[in-house]
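Visitor:
There are 2 protein chains.
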Amino acid sequence: MATAAGVDPALVHHYFGTKDKLFLAAIEAPVDPGTLLPEVLEAGPERLGESVVRLLLRVWDGPARPAGLALVRSAVGNEWTARLLREFLVSQVLRRVVGTLDLPPAEAEARGALTASQLIGVVMARYVLRVEPLASAPAEELVAAVGPTVQRYLIGDVALPGRRD
Amino acid sequence: MATAAGVDPALVHHYFGTKDKLFLAAIEAPVDPGTLLPEVLEAGPERLGESVVRLLLRVWDGPARPAGLALVRSAVGNEWTARLLREFLVSQVLRRVVGTLDLPPAEAEARGALTASQLIGVVMARYVLRVEPLASAPAEELVAAVGPTVQRYLIGDVALPGRRD
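From first to last, the protein sequence lines are chains A and B.
No gaps in the numbering here: position 121 of the first sequence is 121 in the UniProt record's numbering, and each next residue is one more.
No gaps in the numbering here: position 149 of the second sequence is 149 in the UniProt record's numbering, and each next residue is one more.
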């Protein structure tokens, strides 16, 4: 992509590191999952669902929210941003969390996608549509309510969906 | 609102019935929850979660999808549409489903909002961001995976969030 745009890829790499860093810079993301996820994983597999929801809310309840909302707005209206956001979610967030569970690739993909569906839904309900009581409830109450869902999707008993042939 | 716009409210009512019918007409919704929800409720409380997810996917996998996507795009970018969509979801969809369960109002609101978070997340993951395998999986596989979550939110064991005082 950088080459097609007449830009030396080595220069992009020098300034932005990886393609993911470039994406983070492009969306002016005030958080880098690479630095936040280790503490999520620290809690151990029994509390993984809760930890993931807690981190999501900490980021979105903090100064990153305007950038996050702008990103969601752009992704919903624009095919290209949607693809960037999807790749970012899958490669930077889901693969890192689910990757610690040592699962076959298809199972990891399905559990990651189900997890994404609940996390994106929380963002939409709490921050975009502002559905009460989710919009104003203390973060820890959402962690308690939604954490078990994410836990089930990540490592619990679930009939996993697969890609249609 | 109709009066402020110089329109006779009786005339609006004559053409559109209730405010909700007006909303459905305004968004050119090809489906009216009032006619679809009874069959969801028919399955009985043990299968309510599955039935709700199945109906959601039937509507979105059908001809209503373009209108649905347009509505989501508008709601994400526009405070006023977001409020309309929220009111519609709460009054027309959630209240009708949760209303059959005979719960105290605060509990009904919390269970409805949690349900909304998962349903909106499925729409975003499957139809907007197109995260695989959710984007291409057969509907019934999603019903099997996500139905138990909605079932838990509607009538299962869940630590309910409340509005912050």
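From the three backbone atoms N, C-alpha and C, an ideal C-beta is built for every residue, glycine too.
#1: When you compare each of A:I155, A:A139, A:L160 and A:P161 to G62 (chain A) by their alpha carbons, which one comes out closest?
#2: Apart from the five residues just before and just after S74 (chain B), which ones in its own chain have a Cβ nearer than 6 angstroms to its Cβ?
#3: Out of curiosity, what's the CA-to-CA distance linking V90 (chain A) and E107 (chain A)?
#4: For S117 (chain A), count the other beta carbons within 10 Å of its own beta carbon; 16 or more makes it buried, fewer makes it exposed. Which is it?
#5: Taking E87 (chain A) as the reference, give the member of A:L103, A:G121 and A:A113 with the closest Cα.
#6: For the alpha helix (DSSP H) holding residue 196 (chain A), just list the boundary residues, first then last.
#7: Counting only runs that start and end within the stretch 52-89 of chain B, where is the alpha helix (DSSP H) found for 4 or more residues in a row?
#8: When Cβ atoms are compared, which residues of the stretch 101-121 of chain A fall closer than 9 angstroms to chain B?
#9: Buried or exposed for Y153 (chain B), please, with buried defined as at least 16 other CB atoms from any protein chain shown within 10 angstroms of its CB.
#10: For R164 (chain A), which residues in chain B fall below 7 angstroms Cβ to Cβ?
#11: Counting only beta-carbon atoms, is G62 (chain B) nearer than 8 angstroms to chain A?
#12: What residues from chain B crowd round G77 (chain A), counting only those whose CB sits closer than 7 angstroms?
#13: Can you find the residues in the same chain that come closer than 7 angstroms, C-beta to C-beta, to I155 (chain B), ignoring five residues on each side of it along the sequence?
#14: What does residue 190 (chain B) reach in chain A if we use C-beta pairs closer than 7 angstroms?
#15: Roughly how many whole angstroms lie between the Cα atoms of R95 (chain A) and E109 (chain A)?
#16: Taking 8 angstroms as the CB-CB limit, is residue 168 (chain A) close to chain B?
#17: Does any C-beta atom of chain B lie closer than 8 angstroms to the C-beta of E39 (chain A)?
#18: Just how far apart, CA to CA, sit P38 (chain B) and L56 (chain B)?
Guide: So, to answer that:
#1: It is A:A139.
#2: Excluding five sequence positions before and after S74 (chain B), the CB atoms of its chain that fall closer than 6 angstroms to its own CB belong to T81, given in chain order.
#3: As the crow flies, the alpha-carbon of V90 (chain A) is around 13 angstroms from that of E107 (chain A).
#4: Looking at its Cβ environment, which holds 16 or more other Cβ atoms inside 10 Å, S117 (chain A) is buried.
#5: Checked all of A:L103, A:G121 and A:A113; the closest Cα to E87 (chain A) is A:A113.
#6: Nothing in the structure corresponds to residue 196 (chain A), since chain A is present only between 1 and 165.
#7: Here the runs fully enclosed are 65-77 and 79-88.
#8: Taking 9 angstroms as the Cβ-Cβ cut-off against chain B, the residues of the stretch 101-121 of chain A that qualify are A106, E109, A110, G112, A113, L114, A116, S117, Q118, L119, I120 and G121.
#9: The residue in question, Y153 (chain B), is buried, as its Cβ has 16 or more Cβ neighbours within 10 Å.
#10: Those within 7 angstroms of R164 (chain A) in chain B are S136, A137 and P138.
#11: Not closer than 8 angstroms to any Cβ of chain A, the Cβ of G62 (chain B) fails to qualify, so no.
#12: Ordered by position in chain B, the residues that pass the 7 angstroms Cβ test against G77 (chain A) are R73 and G77.
#13: Exclusion of the five residues before and after I155 (chain B) leaves P45, L48 and L101 as the residues of its chain whose Cβ lies within less than 7 angstroms of its Cβ.
#14: For residue 190 (chain B) there is no data in the structure shown, the boundaries of chain B being 1 and 165.
#15: C-alpha separation (whole angstroms): 8 angstroms.
#16: In this structure chain A extends from 1 to 165, so residue 168 (chain A) is not present and cannot be described.
#17: No Cβ of chain B is located within less than 8 angstroms of the beta carbon of E39 (chain A).
#18: If I take the Cα positions, the gap works out to 14 angstroms.
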